[in-house]
Amino acid sequence: MVSTPEGRGAIILHDGTREADDGMDIVVVHDLFGHRIANWFQRGICWPRDLLKDDFHNARIITWGWTGPFGSTNAFSDQAEALLTDIAGTRTDTSRPIVFVGHGIGGLVIKEALVTAAMSRIYGSHHELGNVYPKTVGVIFLGTPHSNSGKQSLGEVISTAAQMTIRQPSNQLLRLLRESSEMFENQRDTFALISRDIQVVCIRAKLSMPTGQMISKASASYDGLNVRTDEFLTNHVDLARFESRQDVSYQKLIRHITQLSATPKPHELEAKETRNQAEILDALYFDSINDREEKIHEAYGQTCDWILSAKEENQDESPFYSWLTAPQTIFWVSGRAGSGKSTLMKHAFHSERTRQELEEWSRGGDLLIASVFLFEGGSHIQKSREGILRSVLYQILTQRRDLIAVAFPSFFGCEWPPAAPFNTVINLSQAFYSLFAYDSQRLKLCVFIDGLDEYRIMDRKDYYTEADFALVYDGDEGDAGLGSSRWINESHMDISRLINELGSKDTIKLCVSSRELAVFEEAFAEHPRLRVHKHSETSIAQYVAGRLEEAVPGLPNMASLCREIAHKSHGDVLWARLAIDMVLEGSLKTLRSTLDSLPSQLGGTEGLYMLMIQNLPHDHQPDAYKIFELVLRAEQPPSLITLAFAEEGYLADPATRAHNPALGKLRISHDRLHEWTADDIQRICDQMQRRLQTHCASLLDVESGPLEAGQRVVFMHQTAKEFAARKDVWAKVLTKQPTAAELDISLLSGCIRHIQIFEALRPPVSAWPEVRFLPEAWLLIANALRYAGRIDSNAPDFKSYCELLDEMDQTIQQAWVTSLRRHVPLYDDTEWFESKCPALCSKHWAGYEPMETGKPPKRKDFLALAVQANLVNYVSARLKAMPEHQRRSKAQDLLDYVVSPKAEGFSACVTLSGDYVDFHHDMPDSRFLDMLFDSGADPREAPKLWLKAFKTGRQYFSRQNMTMSQLMQSSSSSRLMQNRQRWVAAVRALLMHGADPHATVETRSATPDDHSSYETKTAIELIREMLEGEPEYAVELAELDALTGRRPSMAAVAY
384 MVSTPEGRGA
394 IILHDGTREA
404 DDGMDIVVVH
414 DLFGHRIANW
424 FQRGICWPRD
434 LLKDDFHNAR
444 IITWGWTGPF
454 GSTNAFSDQA
464 EALLTDIAGT
474 RTDTSRPIVF
484 VGHGIGGLVI
494 KEALVTAAMS
504 RIYGSHHELG
514 NVYPKTVGVI
524 FLGTPHSNSG
534 KQSLGEVIST
544 AAQMTIRQPS
554 NQLLRLLRES
564 SEMFENQRDT
574 FALISRDIQV
584 VCIRAKLSMP
594 TGQMISKASA
604 SYDGLNVRTD
614 EFLTNHVDLA
624 RFESRQDVSY
634 QKLIRHITQL
644 SATPKPHELE
654 AKETRNQAEI
664 LDALYFDSIN
674 DREEKIHEAY
684 GQTCDWILSA
694 KEENQDESPF
704 YSWLTAPQTI
714 FWVSGRAGSG
724 KSTLMKHAFH
734 SERTRQELEE
744 WSRGGDLLIA
754 SVFLFEGGSH
764 IQKSREGILR
774 SVLYQILTQR
784 RDLIAVAFPS
794 FFGCEWPPAA
804 PFNTVINLSQ
814 AFYSLFAYDS
824 QRLKLCVFID
834 GLDEYRIMDR
844 KDYYTEADFA
854 LVYDGDEGDA
864 GLGSSRWINE
874 SHMDISRLIN
884 ELGSKDTIKL
894 CVSSRELAVF
904 EEAFAEHPRL
914 RVHKHSETSI
924 AQYVAGRLEE
934 AVPGLPNMAS
944 LCREIAHKSH
954 GDVLWARLAI
964 DMVLEGSLKT
974 LRSTLDSLPS
984 QLGGTEGLYM
994 LMIQNLPHDH
1004 QPDAYKIFEL
1014 VLRAEQPPSL
1024 ITLAFAEEGY
1034 LADPATRAHN
1044 PALGKLRISH
1054 DRLHEWTADD
1064 IQRICDQMQR
1074 RLQTHCASLL
1084 DVESGPLEAG
1094 QRVVFMHQTA
1104 KEFAARKDVW
1114 AKVLTKQPTA
1124 AELDISLLSG
1134 CIRHIQIFEA
1144 LRPPVSAWPE
1154 VRFLPEAWLL
1164 IANALRYAGR
1174 IDSNAPDFKS
1184 YCELLDEMDQ
1194 TIQQAWVTSL
1204 RRHVPLYDDT
1214 EWFESKCPAL
1224 CSKHWAGYEP
1234 METGKPPKRK
1244 DFLALAVQAN
1254 LVNYVSARLK
1264 AMPEHQRRSK
1274 AQDLLDYVVS
1284 PKAEGFSACV
1294 TLSGDYVDFH
1304 HDMPDSRFLD
1314 MLFDSGADPR
1324 EAPKLWLKAF
1334 KTGRQYFSRQ
1344 NMTMSQLMQS
1354 SSSSRLMQNR
1364 QRWVAAVRAL
1374 LMHGADPHAT
1384 VETRSATPDD
1394 HSSYETKTAI
1404 ELIREMLEGE
1414 PEYAVELAEL
1424 DALTGRRPSM
1434 AAVAY
């Protein structure tokens, strides 16, 4: 027993364990101003002492007491450390599992304690405290506030919770809590990070206090697949009091504790069979994982060795090699854009000397080395936190497969693919920290991360407005000419925080590179550093000499010319490479004049890139602009095929149209006359690749990959992309530029035409092991719909836009049927040809999206997918074109899709592209509601409409739903809020157009012991249940109540 006279500390109320590791420990922590005994009393019964011992004979029951003072938020840290110290003191001879139960703000103390324990374990300090963390299998929060509620910040919610305790807190304390939102949010996020493999139950009181105060639904839980919620029919204070074993709330609590104690113990997780190793590594891997590094030029001669061995001012030895063996954790390679940082990082990572020096630093530990080369011009995954984590984890776990079970215990030994999304930032972060929580004494990791300035916040991109993405230029000199924006600046701050956070652990070294931007200067000011451009003139001179000797051997005054070019480069290796290319394009007579005419910087309106564009033939410059803009506006880096078709535009040229006027003016309509072969497609790609060289000044590169979907077009360097995005540089050479809508309709046409010829290289549909589209083919379909969504309300030619989408539907249906008919089963299957294939051919292609998890969404036709893609004007036009009876029938069909997104699974394209967003997880635009009702849809003719609506509502209002978890982890909460608002709007519209609020709906819910229970409620009861406890929807709930109050009750319909 660890106790104090004031009732603070731990007291063991019951010990039914018979051996050191027998049974479990149940630790209960009271609310603010509570008492370790009195807090749990009701009518003379102290339930942890008098009831719990009889329900868990083989358990040790511990209550822990705590009090203020709360002069600052550090008090939480102090209380957390006291809790850990006291509990660790009772566990000196045991490793039995622990279940914590916390009431109110006492739950925040538990969270802080477990965060502290996890960090102690990760950082290798206070092992006795850290050992509490891996033994914790479950936490039950009774009325603990975790999240903000509507306009109330988390600090304000916690301040309200403090006022529901048995004693009124001081104004000073309430103000302190209100002003500490950021601290509490960080605590919540860190706890979510370290508690992935701890089962959590959040229980809320359904009744308000006499003062009217209560913890809302939104506040009483947080997001996570390991989190369950429950509600007790009582108020906040009585949430922790039970007077008998027959109390319904007590029985529910017992079921929760029973379930938590049945969770696999840590040692059982570690011992699981290693059957999912390959699946987990495959899930971490992505096709472009090495693309950026492979494209980086190899070092010329011994230039990188010279630079790495260079000494900075006032230093006696190389800062890089000194750092490798020193205790310092972060090394910053800085330099101007194009100065050769990536080449240097690649060389340093692969250098044998680097490994030798790191082996000395690791002092016999298990040394692991990994690298990440960020690439802003590539896909989402190549410039995001998800990409960093996946790449590092893949490299670590490939070297040490025994650690896979440590990193991903929840996914180890389970069915694959898993029911929960795998590659979320939260899951990947937890995996990384789990490795060092497991063995911080032996694991030593060094990570090389190149191009921090190319990192972007991708998982929260929709937090930002269009103005936040707009580039601002401080000038044309150096990096200032490359522009920045709020989104880019905050991305740089985000990656800087991550690096410094990782660098706070002495078993991790990070060698990072970036431009010398202010945010990095501030973040890494205290760390050792190598300024590449200050040491590269000699290496540039050697590189130039080699190029000149190769092209014009014996050139007079070569040495002085090389020094001059190197000096003019200011250490910019890329500038030197481009400059020497331009110099050698001319004759010996013009060599000097060409060199003198070259600008000394890359970007800006007066830079080298500008000169390269101005040197293009005048008629090539508009083509260059259009191609650059198409690449910049593409959803992902476009393939050569898509780009070639998009550059041609969506309209056929006059000669083609005159030859076959009956086919109309769309290019894709005329494409049908051509039988495409693989040779044709190779020719198109070869021609487009030549155009990139001749019309785009070689500022675009083509990645290697399969012809049908690979060979993606990217900018040759980040500085080239930033230059091409500047509007002011093009104003100098062009008088007319295509609009965004014209570019988007060209991209739409390019995708559709690419889909049309896909079959010439590879069937777009796979019939084994299940019938579905290939992810590469579906990604083209999805991108086409995204481009359509951009121009649906402002298409430059609305009639052609609608015809393009009609052609898309017909083209893909034809490809669907052709692929199925050409499929030959792996074994003799007469049913395939006689019945299966004809039946599938009669189906619509839109219902066969490739899925990573779950079943594909059920879609009857293209209009259903168009609704999910929010093509409001296209759907409206197609409905208006139908005869009245057909329009009414189609509107009735589409009503289902407006009310319910139709599926919970995740598309296989998510893994393929990284930034893919499913169409079937979001509520469609609310404008569809009026459109469909105006077209004759009637909710009274859809008997299961309410059931579908409430299934959808649970996706957005239940924090344990996988859809909601994915929304919160992969994007921002603004997307979730929009879905909630649209769902409420849909319910209101249904009621206004005759849906019966008193119709009964049978719903299923899971009980704490994983059994299903069914209950029947009226629609309005379910609406209230969904929205009650959500303060931001109080007005809407009142409006819905008013609507139903005015409506007469109709006969109930059982669903």
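When we follow the working numbering, the leftmost residue of the sequence shown carries the number 384, and every step to the right adds one. Where is the CB? At the ideal position from N, CA and C, for every residue including glycine. As the structure is a prediction and not an experimental result, all values here were calculated from the model.
Simplified DSSP assignment, three categories, for residue i
{"i": "Y704", "result": "helix"}
{"i": "G1230", "result": "helix"}
{"i": "Q1343", "result": "Caution is warranted here: a pLDDT of 49 is assigned to Q1343, below 50, making its placement in the model unreliable, and the coordinate value is therefore given only provisionally. Coil at Q1343, not helix or strand."}
{"i": "F669", "result": "coil"}
{"i": "R624", "result": "coil"}
{"i": "I549", "result": "coil"}
{"i": "E1031", "result": "coil"}
{"i": "V520", "result": "strand"}
{"i": "T594", "result": "coil"}
{"i": "H639", "result": "helix"}
{"i": "I444", "result": "strand"}
{"i": "H953", "result": "coil"}
{"i": "S532", "result": "strand"}
Nearest neighbour of residue i, chosen from the options [CA to CA]
{"i": "C1079", "options": "V1097, A1035, F1011", "result": "F1011"}
{"i": "K534", "options": "L1423, A1417, R1204", "result": "A1417"}
{"i": "V956", "options": "A720, F459, A496", "result": "A720"}
{"i": "V522", "options": "L497, C1068, T1060", "result": "L497"}
{"i": "D851", "options": "G748, R843, R869, I690", "result": "R869"}
{"i": "N514", "options": "F524, G487, I481, L537", "result": "I481"}
{"i": "E759", "options": "Y1339, L780, M841", "result": "M841"}
{"i": "D845", "options": "M1360, R1407, A1178", "result": "M1360"}
{"i": "R736", "options": "T527, S705, L1262", "result": "S705"}
{"i": "F439", "options": "G399, G427, W423", "result": "G399"}
{"i": "F1302", "options": "A1320, K1241, R1261", "result": "K1241"}
{"i": "C1376", "options": "E1411, S1290, L1278, S1283", "result": "Note that residue 1376 corresponds to His in the displayed sequence, not to Cys. It is L1278."}
{"i": "S692", "options": "H680, K678, L707", "result": "L707"}
{"i": "I395", "options": "D405, R474, D461, A463", "result": "R474"}
{"i": "V1094", "options": "H910, S1022, E769", "result": "According to the sequence as given, residue 1094 is Gln; it is not Val. Nearest option by C-alpha distance: S1022."}
{"i": "M502", "options": "Q570, H916, N441, G538", "result": "Q570"}
{"i": "R675", "options": "A645, S774, T543, D964", "result": "S774"}
{"i": "E1190", "options": "D1054, Q1269, P801", "result": "D1054"}
{"i": "V789", "options": "F669, K972, E1398, S812", "result": "S812"}
Assumed close pair residue i, residue j - CB separation to whole angstroms, cut-off 8 Å
{"i": "K724", "j": "D833", "result": "7 Å"}
{"i": "T548", "j": "F459", "result": "Wrong, their Cβ atoms sit about 15 Å apart, outside the cutoff."}
{"i": "A1107", "j": "L1015", "result": "7 Å"}
{"i": "V1096", "j": "L1130", "result": "That pair is no contact at about 13 Å."}
{"i": "P1239", "j": "R1155", "result": "7 Å"}
{"i": "S602", "j": "S530", "result": "5 Å"}
heavy atom of the ligand MN below 7 Å from residue i C-beta
{"i": "L622", "result": "By its list of ligands, the structure shown contains no ligand whatsoever, and the ligand MN lies outside what it can speak to."}
Every unbroken alpha helix (DSSP H) inside the stretch 451-489 [4 residues or more]: 457-472
Contiguous alpha helix (DSSP H) assignments of at least 4 residues, all confined to the stretch 763-835: 768-782, 787-790, 808-821
Completely contained beta strand (DSSP E) runs for the stretch 972-1019, where each covers 3 or more residues: none
Touching by the beta-carbon criterion (3+ pairs, under 8 Å), the stretch 552-563 and the stretch 582-593: no
Within the stretch 873-914, ranges of the beta strand (DSSP E) (whole runs, at least 3 residues): 891-897, 912-914
Cβ pair count under 8 Å reaching 3, the stretch 1048-1058 against the stretch 1185-1198: yes
At least 3 beta-carbon pairs within less than 8 Å: the stretch 1022-1039 vs the stretch 1063-1070: yes
Runs of alpha helix (DSSP H) lying entirely within the stretch 1304-1335, each at least 4 residues, in chain order: 1310-1317
At least three beta-carbon pairs within less than 8 Å, the stretch 1101-1119 to the stretch 978-994: yes
Three-pair Cβ contact test at 8 Å for the stretch 415-433 versus the stretch 625-632: yes
Contained beta strand (DSSP E) runs [length at least 3] in the stretch 1211-1268, N- to C-terminal order: 1234-1236
Cβ contact (3+ pairs, closer than 8 Å) linking the stretch 1247-1266 and the stretch 1174-1184: yes
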